[in-house]
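At position 75 of the sequence shown the residue is numbered 70 (my numbering), and the sequence of numbers has no breaks. Quick notes on the structure that follows.
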Amino acid sequence: MSRSSWKIPHIILNLQNCDRVINRTIVYQRMATITPRLIGQTIYIFNGLRAVPIKITEHHVGFKFGAFALTKKRAKIANLKKR
């Protein structure tokens, strides 16, 4: 379920207050919104198993962090052998 539109966007304040994000910043809150202040930085998003590096561009602004770090593996379609 998405967040109500009348509420303010959920942001991570410690990322917003830094001029330069420290190397290897890991974000655990996948529901947080990407803001324009983070453009050009590489942020690691935890997907439950490992941290996935994401370079923030202007196209990412407004999306959630969780949209760029998938938590499930893609299903493999087994090839059936013909007899």
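Where a beta carbon is used, it is the ideal one built from N, C-alpha and C, also for glycine.
I6 and T28 closer than 8 Å at C-beta: yes
Under 8 Å between C-beta atoms of I49 and I34: no
Neighbourhood of F58 by C-beta, 8 Å cutoff - its chain only, sequence neighbours within 5 removed: T28, I29
Pair within 8 Å by beta-carbon distance, F63 and Q24: no
CA-to-CA distance, K67 to F41, given in whole angstroms: 13 Å
Outcome for I3 when other beta-carbon atoms lying within 10 angstroms are tallied against a minimum of 16: exposed
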